[in-house]
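A short write-up of the structure that comes next.
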């Protein structure tokens with residue numbers, strides 16, 4: 002398997018495979034030392050954000066990702082990846098922390114989280130200068146259809162951009178300091194081309210979604226299709242006690 006790269010996803014993490022950090026602290030006072038590791042841990046996020054892809058020169062976005070602009074999206078900072086999810090599209094982008102460098106600017110309503118991204122098959126800029134800008138959605142930009150039900154139930158209030166920036170930075174440092182050999186297979190499937198995650202079936206329209214079913218044994222991460230019940234596993238997790246991080250590897254059922 003290759004290194005972790007950004008990819009498209011078709012299912013948002015939900016109550017069945019997600020636990021908030023607040024709930025984890027209540028149910029597992031000893032932290033990751035006693036946590037079974039059967040769920041992804043949600044550190045920050047929410048349902049009411051807007052994103053835009055920016056570049057100083059021409060940028061390329063996969064046709065499905067182009068649809069994310071001008072939509073209200075959910076943001077999730079997990080212990081494995083950073084996820085942007087568009088409820089109205091039922092599409093998401095999974096970005097490994099080591100693929101981005103976050104920068105926070107502005108204050109109040111003008112606050113913006115700018116994540117400078119490395120180029121990938123899904124999105125890149127001609128000069129390598131590509132950023133994902135995130136801001137809080139304004140009231141008139143939000144409809145009920147924009148709210149992901151499970152995420153809102155688990156997290157009644159959206160995290161501030163400052164909190165998202167802090168958690169992204171924390172996990173970026175963790176994965177950058179992790180053992181490269183173990184990290185290279187964490188949260189990554191065995192598809193040959195990332196573009197296969199947003200594939201057009203034979204005879205379909207450009208907007209049709211397909212899905213690559215050719216997975217290797219022990220596929221990992223959140224790349225799950227509603228139609229293809231692929232196994233999820235071999236996801237690298239931290240053990241956490243009093244703020245210290247240690248790595249562990251486990252499988253999700």
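Numbering (the working numbering), first residue to last: 2 to 254. Yeah, the Cβ is synthetic: ideal placement off N, Cα and C, and Gly gets one too. It should be emphasised that the depicted structure is a prediction, and the values quoted were computed from it without experimental measurement.
What is the rounded straight-line gap between the Cα of residue 23 and the Cα of residue 113? Counting from one through the chain shown, the residue named residue 23 turns up at place 22. Counting from one through the chain shown, the residue named residue 113 turns up at place 112. Approximately 25 Å between the Cα atoms of the pair.
Are the CB atoms of residue 117 and residue 105 within a distance shorter than 8 Å? For the purposes of this step, residue 105 is taken as residue 104 along the chain shown, with counting starting at 1. For the purposes of this step, residue 117 is taken as residue 116 along the chain shown, with counting starting at 1. Against a cut-off of 8 Å, the Cβ pair of residue 117 and residue 105 comes out as no contact.
Taking the alpha carbon of residue 55 as the reference point, which residue from 128, 150 and 46 has its own alpha carbon closest? For the purposes of this step, residue 55 is taken as the residue at position 54 of the chain shown. Distance from the Cα of residue 55 is smallest, within the candidate group 128, 150 and 46, for 128.
With distances taken Cα to Cα, identify the nearest neighbour of residue 135 among 80, 99, 110 and 4. As a working note, residue 135 is residue 134 in the chain shown. Taking only the C-alpha atoms, the option nearest residue 135 is 110.
Per DSSP, which one or two residues make a beta bridge with residue 103? Along the chain shown, one-based indexing puts residue 103 at 102. DSSP, once it has assigned bridges, lists 116 as partnering residue 103.
Return yes when the Cβ of residue 69 is within less than 8 Å of the Cβ of residue 169, no when it is not. On the chain shown, position 168 is the one that residue 169 refers to. On the chain shown, position 68 is the one that residue 69 refers to. No. Outside cutoff.
Alpha carbon to alpha carbon, how far is residue 26 from residue 66? Give it in angstroms, no decimals. As a working note, residue 66 is residue 65 in the chain shown. As a working note, residue 26 is residue 25 in the chain shown. The alpha-carbon of residue 66 is positioned some 35 Å away from that of residue 26.
In three-state terms, what does DSSP make of residue 58? The residue given as residue 58 occupies position 57 in the chain shown. Collapsing the DSSP output to three states places residue 58 in coil.
With a Cβ-Cβ cutoff of 8 Å, do residue 178 and residue 6 count as a contact? In the chain shown, residue 178 corresponds to position 177, counting from 1. In the chain shown, residue 6 corresponds to position 5, counting from 1. Not in contact: residue 178 and residue 6 (Cβ atoms no closer than 8 Å).
From the DSSP output, in three-state form, read off residue 44 for me. Walking along the chain shown from the start, residue 44 turns up at place 43. Strand.
So, helix, strand or coil for residue 123, using DSSP? Residue 123 sits at position 122 when you count from the first residue of the chain shown. Three-state DSSP puts residue 123 in coil, outside helix and strand.
Between residue 95 and residue 10, is the Cβ-Cβ spacing less than 8 Å? Looking up residue 95 in the chain shown gives position 94. Looking up residue 10 in the chain shown gives position 9. Yes.
State the Cα-Cα distance for the pair residue 58 and residue 108, rounded to the nearest angstrom. To locate residue 58, count along the chain shown from 1; it is residue 57. To locate residue 108, count along the chain shown from 1; it is residue 107. Spanning the alpha carbons of residue 58 and residue 108 requires a straight line of approximately 27 Å.
Secondary structure at residue 89, three-state DSSP: helix, strand or coil? In the chain shown, counting from the first residue as 1, residue 89 sits at position 88. Here DSSP, grouped into helix, strand and coil, assigns residue 89 to coil.
Taking the straight line between their C-alpha atoms, what separation do you get for residue 146 and residue 173? By one-based count along the chain shown, residue 146 stands at place 145. By one-based count along the chain shown, residue 173 stands at place 172. In this model, residue 146 and residue 173 are separated by some 31 Å (Cα to Cα).
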